[in-house]
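Read the structure below first, then the notes.
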Amino acid sequence: MKVPYRRISLCAVLVALSYFIYWKSLISVKQETSRNLLPSTQPQQEAAPPSLLCYPDVPTVSPWGAPIVWEGTFDPEEDFRLHHERGTVVGISVFAVGKYLSQYLLPFLVSANQHFMPGLKCVIYVVTDQPSAVPSVSLRPGLTLVVLRCPSRTRWQEISMMRMKDLPELVFPLAKEQVDYLFCMDVDQVFIGRYGPETLGDLVAQLHSGLYPWNKTYYTYEQDPRSAAFTPLEKAHYYYHAAVFGGTIPHLVNLTSSCLRGILQDRSKGLEAVWHDESHLNRYLALEALPSKILSPEYCWMSWDWFLWLKKPKMRWAQKNYKNMRS
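Following this line, the structure appears as structure tokens:
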């Protein structure tokens, strides 16, 4: 068999370049964390990286008409102007429980301070079992930090699933009075680019970057018909990542109520969905309420290479250490 040396060489160069982009972004975040700088509150135009070979053609609208947000599909200045004039306030809820607080919360807060909705008023709700351990961060004007105590839980699966209970009990009562839109995010992520109001909508879902390129027969929907999270493949369009979802409070109340109901129903049968709360989230977004806006993988990208797929990544996964974090 003839060895395709030219193709192998090209792939090696592309992979090396993607690693360079990744490590450059990682070093930038570490420097920002160590200096704890106070960033500008105004939206800034970032230099777009060049178009690269691995960037694919992508759909920008779902079959039911929901926009799929990619760099180049929106006007950041116009979006900012509209929401600034309306006085839009945007929230983030983030759970930092157990080891996740010391490992991930500070980089998350520092990067959110710089990149999340610059120029708009924001509230970050930190839900934790260790309120006194929440790090102090110099926040930009208009950004408020609220710390809420939640119960300690030992299993990481329990921490993940029970946020569907903690959100309506702890966060939503405050958020409905304080913010217009709320994002629910995992703490083991870092913002690396402007995450602006183009992401806002009534019910916002995040495409899973690890599964997005694949045919949906490879998507990890719950396929056990005994589970409340069971999702027939023919009924679903996309696979969503539970690391990011958002919207208005009434829509999030409906989402979390449905997911919690399914989780408790499974528990009563001695079942646990294959991907826990994410399985119930995908069922809800496929069968009960289609998202009004979908975020491309640019808004929650994998932490290793393949940045070549993206024109301008906004957030990436932090480096994972599952063996230590989940022990």
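Under full-length UniProt numbering, the first residue of the sequence shown carries the number 1, and numbering increases by one thereafter.
Don't be surprised by glycine CBs; every beta carbon is placed ideally from N, CA and C.
Check: Straight-line gap, residue 259 to residue 280 (C-alpha atoms, nearest Å); Outcome: 5 Å
Check: Beta-carbon proximity list for residue 274, same chain, < 7 Å, skipping 5 on both sides; Outcome: 220, 222
Check: Distance between residue 277 and residue 107 (C-alpha atoms, nearest Å); Outcome: 25 Å
Check: Sufficient close CB pairs (3 or more, under 8 Å) joining the segment 66-81 to the segment 160-176; Outcome: no
Check: Minimum C-alpha distance to residue 211 - residue among 240, 205, 186, 202; Outcome: 240
Check: As assigned by DSSP and simplified to three states, the class of residue 186; Outcome: strand
Check: Buried or exposed (CB count within 10 angstroms, at least 16 for buried), residue 301; Outcome: buried
Check: Extent of the continuous beta strand (DSSP E) to which residue 241 belongs; Outcome: 240-247
Check: Where residue 226 falls: helix, strand or coil (DSSP); Outcome: coil
Check: Inter-residue spacing [alpha-carbon to alpha-carbon] between residue 245 and residue 185; Outcome: 7 Å
Check: Beta-carbon proximity of residue 113 to residue 148, cut-off 8 Å; Outcome: no
Check: Cβ pair residue 157, residue 91 closer than 8 Å; Outcome: no
Check: Residue closest to residue 312, alpha-carbon to alpha-carbon, out of 283, 191, 320, 248; Outcome: 191
Check: Residue(s) in a DSSP beta bridge with residue 106; Outcome: Residue 106 pairs with nothing; no bridge assigned.
Check: The beta strand (DSSP E) enclosing residue 175, as first and last residue numbers; Outcome: Note, residue 175: premise wrong, no beta strand (DSSP E); alpha helix (DSSP H) at 172-178.
Check: Where residue 291 falls, given that 16 or more other Cβ within 10 Å makes a residue buried; Outcome: buried
Check: Candidates 298, 195, 314, 120, of which the one nearest residue 58 by Cα; Outcome: 298
Check: Whole-Å CB distance - residue 146 paired with residue 174, under 8 Å assumed; Outcome: 7 Å
Check: Residue 193 and residue 115 closer than 8 Å at C-beta; Outcome: yes
Check: For residue 315, the first and last residue of its enclosing beta strand (DSSP E); Outcome: 315-317
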